[in-house]
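Protein chains in written order, with numbering that gives the first Met the number 0: chain A, 0 to 469; chain B, 0 to 469.
2 protein chains.
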Amino acid sequence: MLTYTLEKNRKDGLYEQLYRCIKADILSGTLRTGEKLPSKRMLAEHLEVSVVTVRNAYEQLMAEGYIYGVEKRGYFVSEVDRPLQAPAQSALPAAAQSEEPWLVDFAANSISEENFPFTVWSKMMRRTILEQDVGLLRPTPYNGALALRQAIADYLYQFRGLTVSPEQIIVGAGTEILYNLLVQLLGREKHYAVEDPGYRKIAKIYESNRVPLHHIMLDEAGMPADELRRQGVDVIHISPSHHYPTGMVMPIGRRQELLRWAGQQPGRYILEDDYDSEFRFVGRPIPTLFSIDKNERVIYLNTFSKTIAPSIRISYMILPPHLLEAYREHLGFYACTVSSFEQYTLAAFMEQGRYEQHINRMRNRYRQKRDAVIRMIRTGPLAHWAEIMEQDAGLHFLVKLNSSITDDELHRRASASGIRLMMLSDYYHDARESRRHILVVNYSGIALERLAEGFDRLATILEQEENGNV
Amino acid sequence: MLTYTLEKNRKDGLYEQLYRCIKADILSGTLRTGEKLPSKRMLAEHLEVSVVTVRNAYEQLMAEGYIYGVEKRGYFVSEVDRPLQAPAQSALPAAAQSEEPWLVDFAANSISEENFPFTVWSKMMRRTILEQDVGLLRPTPYNGALALRQAIADYLYQFRGLTVSPEQIIVGAGTEILYNLLVQLLGREKHYAVEDPGYRKIAKIYESNRVPLHHIMLDEAGMPADELRRQGVDVIHISPSHHYPTGMVMPIGRRQELLRWAGQQPGRYILEDDYDSEFRFVGRPIPTLFSIDKNERVIYLNTFSKTIAPSIRISYMILPPHLLEAYREHLGFYACTVSSFEQYTLAAFMEQGRYEQHINRMRNRYRQKRDAVIRMIRTGPLAHWAEIMEQDAGLHFLVKLNSSITDDELHRRASASGIRLMMLSDYYHDARESRRHILVVNYSGIALERLAEGFDRLATILEQEENGNV
């Protein structure tokens with residue numbers, strides 16, 4: 000008979016001890032496959048425990064498949080692998096080395112959090128908790144809470160000249176997810192094209208989805224339509240309002256040309272990534288492709304991660320009617336990825352005009368900061384080498400360096416001085432010498448004192464290069 | 000000379016009026032391609048506005064590509080399409096008809112919100128706002144906030160017997176997103192397999208990703224390994240702790256067999272979907288495949304949407320070390336999809352033992368409810384036709400109906416009586432007669448009174464069928 004010492008006062012309880020002892024005996028081979036176990040009553044008497052204890056242990060062993068019962072005959076040991084040891088703790092690969100603590104990080108491209116009205120936002124959060132109460136536990140529809148979609152539609156109408164119905168808006172936890180959904184919607188057999196130069200992450204998403212991907216070299220107006228025809232592209236991903244990193248604005252002629260290209264064949268689409276349009280400093284916002292598209296070929300995308308905070312994962316896309324129908328049918332089963340709480344908070348923030356206020360305030364602050372940074376370059380030690388390019392919009396601008404130093408060498412030496420640089424050449428898929436010596440200044444998240452120090456150090460590097468002292 | 004009537008006191012300002020007038024003339028063809036515009040100074044004098052007003056209007060038109068400037072010569076009209084009208088407002092397709100207001104919806108499979116300690120949760124939310132403050136604006140790492148990953152690791156260690164490092168955990172806004180990422184991680188050329196019968200949404204996600212998909216018929220222990228070999232499957236998606244909808248628990252022998260299958264060839268993986276393991280009512284939780292895997296072949300997934308609320312979009316997966324490395328390298332660029340606020344709130348909820356308390360309370364309530372529902376079936380009018388199957392775990396169980404009515408007919412008649420049914424046959428990819436007449440009772444979100452009424456109506460339908468009165 001099975002004999003185990005079970006302790007009454009142990010935390011894990013008698014039945015669990017018994018279950019573990021029998022399991023250990025099965026795994027060690029002490030109890031062999033097919034061997035009959037004592038009846039519950041007999042084992043209970045033998046071990047001086049209750050029948051319930053034994054029954055619970057047997058039931059657990061049965062549930063896990065270690066033993067099986069045969070009616071009127073009793074319990075038997077199942078066939079299991081032996082020995083079944085705990086898995087060896089595999090050594091985990093070390094986490095990617097944490098980022099260097101840069102003095103100045105021109106790659107960060109972040110927005111500065113001191114500009115965000117956190118007090119107002121947290122008030123909205125508290126109000127949402129109070130107002131929505133347990134309603135927060137109810138899921139929102141697949142396309143997001145109506146309150147938020149309505150607030151977005153109103154905002155777009157007033158500030159972007161877009162007339163869209165809340166029905167057309169699909170809310171998601173970041174544009175990255177929306178791109179993934181769009182690949183599933185438009186089809187992965189299609190040929191996609193991204194801008195060269197461009198924001199690397201966008202190409203990565205398409206690469207990660209293993210779709211045929213084309214890197215289209217931009218001319219002075221953006222993607223050339225004849226190149227799209229030549230390469231057999233179906234879907235283009237562009238940022239016509241403000242191209243990153245060149246800052247280029249697509250002229251109306253090219254916009255029309257691309258719309259014509261899209262309209263010429265079924266299945267051609269334009270993904271209009273309008274991510275930075277709120278920070279245009281000169282003149283009115285540029286009208287969107289979406290608003291002048293007559294053939295339902297444009298999908299508009301934008302995000303709040305750039306204007307509120309990257310930790311707030313709310314983006315949206317606007318689908319033309321026929322795609323909306325297809326989305327509902329084929330992808331409507333995907334749950335909305337943003338929690339209802341954050342959706343209602345943002346909706347309240349927008350409804351009360353707080354978002355608009357915030358954008359206006361940010362636009363002013365960034366304009367002032369950009370002016371200060373440009374002044375700093377023009378009057379500081381970098382002036383000798385620097386020529387400022389595209390500067391009308393967005394949270395970055397370009398600076399051409401009149402120096403013979405290679406981009407690689409400049410990267411290396413700047414890095415040694417605590418400066419993480421971004422050069423225009425870093426954004427090119429197709430690398431050519433002609434595009435070198437252009438600095439991308441992402442200034443939005445960097446304090447002015449640090450920027451000044453960073454420019455000083457860069458000037459020192461360029462001076463050493465000019466003097467041949469390395 | 001261009002002559003427009005500009006009004007000083009209009010809200011849109013002089014420069015914007017001028018910009019719009021010139022744009023309209025370009026689009027209407029009044030100003031032709033290549034035509035020279037008057038100089039800024041001359042137009043300003045002519046219209047009696049300041050030179051700045053004209054300059055702003057010209058700059059806006061240039062930025063949008065309607066005109067271009069040639070140094071020392073002036074401004075000219077660009078080549079644009081005419082006429083460029085506002086897009087016709089296309090009629091939107093009507094939204095999918097909103098759900099019928101069912102008396103009883105057995106398909107809903109929701110959790111009831113009255114069971115959630117919303118007061119505690121909202122306290123945690125308020126505390127998170129206070130404690131994290133502007134820190135909430137900072138993004139979390141790609142794999143989620145460390146505080147949350149640590150809390151999950153601690154929970155899994157204590158309640159699921161899993162020893163994992165927080166480094167191995169990747170947090171995402173719902174398991175659906177994690178499945179999408181896994182397809183990108185493991186490769187879309189691989190052959191995936193889902194359970195038949197099974198939860199339809201999972202198959203839909205793989206279908207939507209256009210990967211080779213196999214529906215593997217389950218035997219009495221789950222997916223048979225030899226069938227996987229025969230069909231050339233690489234990756235299986237299973238829920239061994241509690242299969243939906245049969246409620247089946249995979250015995251240890253089959254678990255070992257599947258682990259052996261996975262270990263036999265590189266590139267084979269098991270996605271262990273542990274979604275319902277918290278609600279096992281009898282005995283201890285079943286050990287996970289992940290915990291007995293020695294070859295880094297198992298990826299563990301779970302979600303808080305089932306245990307807290309579907310509106311809280313937080314799920315996670317645990318990767319074995321070598322996949323973790325691959326994930327960081329190839330998919331680490333994807334930002335975490337859950338806002339930092341919700342991550343910190345959940346972390347606090349778990350750290351203070353509130354999650355455990357909640358799960359325990361829920362388990363008791365659902366056990367009581369399940370017992371009441373079963374009693375209701377056994378003693379009510381449905382008793383004559385109903386035989387209760389699998390009932391040890393989860394928020395649903397199966398009821399076999401001893402009736403000749405077809406599933407389709409039962410669906411139709413129940414629907415006419417305000418009851419949305421789910422039958423086991425609805426979960427099968429491969430439809431065969433033998434699996435019919437089995438009801439899937441998702442009871443968790445339905446009030447008992449309504450359930451009683453629903454069972455009454457079902458009994459009436461079965462009685463009519465038996466008596467030949469339709």
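Each residue gets a CB set at the ideal place from its N, CA and C atoms; glycine is no exception.
DSSP, reduced to helix, strand and coil, places isoleucine 204 of chain B within a helical segment of the structure shown. When the five nearest sequence neighbours on each side are left out, the beta carbons in the same chain lying within less than 8 angstroms of the beta carbon of arginine 187 of chain B are those of Asn208, Arg209 and Val210, in order along the chain. A distance below 6 angstroms between beta-carbons, with the five flanking residues on each side excluded, links tyrosine 178 of chain B to the following residues of its chain, in chain order: Ile204.
Contact annotation: the region 191–199 of chain B touches the region 212–225 of chain B, with at least three C-beta pairs closer than 8 angstroms. Here methionine 124 of chain A has Thr344 as same chain residues with Cβ atoms under 6 angstroms from its own Cβ, once five neighbours each way along the sequence are excluded.
Counted as a single uninterrupted DSSP element, the beta strand (DSSP E) harbouring tyrosine 74 of chain A occupies residues 73–76.
For the region 276–360 of chain A, the full-length beta strand (DSSP E) segments reaching 3 residues or more read 297–302 and 314–317 along the chain. Comparing C-alpha distances from arginine 434 of chain A to each of A/Ala62, A/Leu217 and A/Val103 shows the shortest one belongs to A/Leu217. Its chain contains Asp233 as the residues whose beta carbon lies nearer than 6 angstroms to that of glycine 266 of chain B, once the 5 sequence neighbours on both sides are disregarded; these appear in chain order. The beta-carbon of asparagine 179 of chain A is placed less than 7 angstroms from the nearest beta-carbon of chain B. Taking 7 angstroms as the upper bound on Cβ-Cβ separation, chain B lies near residues Lys200, Lys203, Ser207, Asn208 and Arg209 of the region 192–218 of chain A.
Less than 7 angstroms divides the Cβ of isoleucine 128 of chain B from the Cβ of serine 121 of chain A. When CB distances to chain A are screened at a threshold of 8 angstroms, the residues of the region 324–351 of chain B falling below it are Glu324, Arg327, His329, Leu330, Gly331, Phe332, Tyr333, Ala334, Cys335, Thr336, Val337, Ser338, Ser339, Phe340 and Glu341, in chain order. Neighbours of isoleucine 21 of chain A in chain B, taken as residues at a C-beta separation under 8 angstroms, are lacking, since the least C-beta distance is about 13 angstroms. Going by DSSP, methionine 123 of chain A is part of the alpha helix (DSSP H) stretching over 117–131. Nearest neighbour of leucine 420 of chain A by Cα position, chosen from A/Asp406, A/Thr139 and A/Ala347, turns out to be A/Asp406. Nearest C-alpha to glutamine 230 of chain A among A/Tyr243, A/Thr287, A/Trp260 and A/Phe340: A/Trp260.
By the rule that beta-carbons nearer than 7 angstroms mark a contact, valine 182 of chain A does not touch chain B. Segment contact: the region 329–348 of chain A against the region 354–371 of chain B, fewer than three CB-CB distances shorter than 8 angstroms; contact not assigned.
Proximity of serine 121 of chain A to chain B, defined by a Cβ-Cβ separation below 7 angstroms, is satisfied. Contact between proline 196 of chain B and tyrosine 442 of chain B does not hold, since the beta-carbon distance rounds to 19 angstroms and is not under 8 angstroms. Under the DSSP assignment, aspartate 406 of chain B falls outside any beta strand (DSSP E), being part of the alpha helix (DSSP H) whose first and last residues are 406–415. Judged by DSSP secondary structure, asparagine 441 of chain A falls within the beta strand (DSSP E) whose first and last residues are 437–441. For glutamate 70 of chain A, the closest Cβ of chain B is not nearer than 7 angstroms.
The alpha-carbon of glycine 64 of chain A is positioned some 15 angstroms away from that of glycine 73 of chain A. Secondary structure of valine 53 of chain A (DSSP, three-state): helix. DSSP places histidine 214 of chain B in the strand class (E or B) of the three-state scheme.
By the Cβ rule, the region 361–375 of chain A does not count as touching the region 131–148 of chain A, because fewer than three pairs are nearer than 8 angstroms. The beta carbon of lysine 39 of chain B sits closer than 6 angstroms to those of Val50, Val53 and Arg54, all from its chain and outside the five residues before and after it, given in chain order. If you check the CB distance, alanine 144 of chain B and alanine 172 of chain A do not come in under 7 angstroms. Under DSSP, the beta-bridge partners assigned to methionine 422 of chain B are B/Leu438. In this structure isoleucine 110 of chain A touches leucine 394 of chain A by the C-beta definition: roughly 7 angstroms separates them, less than 8 angstroms.
Under the 7 angstroms criterion on CB atoms, arginine 137 of chain A is classed as interfacial with respect to chain B. Here the C-alpha atom of proline 100 of chain B lies approximately 21 angstroms from the C-alpha atom of valine 133 of chain A. Of all residues in the region 244–264 of chain A, only Val248, Met249, Pro250, Ile251, Gly252, Arg253, Arg254, Gln255, Glu256, Leu258 and Arg259 come within less than 9 angstroms of chain B when Cβ atoms are compared, listed by chain position. Residue pairing of phenylalanine 105 of chain A in beta bridges, as defined by DSSP: absent, with no partner found.
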